[in-house]
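So for the sequence shown, numbering that gives the first Met the number 0 puts the first residue at 0; every next one is plus one.
Glycine is no exception: its CB is placed at the ideal position from the N, C-alpha and C atoms.
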Amino acid sequence: MKHFITDYKTFISECETPLDYFLIGWAHFLAAIAVTGTGRIAYELIVNPSTFSNATWGIFDTLG
């Protein structure tokens, strides 16, 4: 894990253009959306499992 943190700090410190900062910000934004969405699904599975009794959300709507 320490190696990953060192590489990450090096990667962030090498930003030179506004595009570099934008792309890093965009990657962080997408990662935050993925973590938040996964957390929301896990929360709903625990708190309200009846939400998943009917597969009529997301990609499942287009398959049938």
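| query | Would the beta-carbon of CYS14 fall within 9 Å of that of ILE4? | reply | no
| task | Please state whether DSSP places SER52 in a helix, a strand or coil. | result | coil
| Assigned secondary structure, GLU13 (DSSP; H/G/I helix, E/B strand, else coil) | coil
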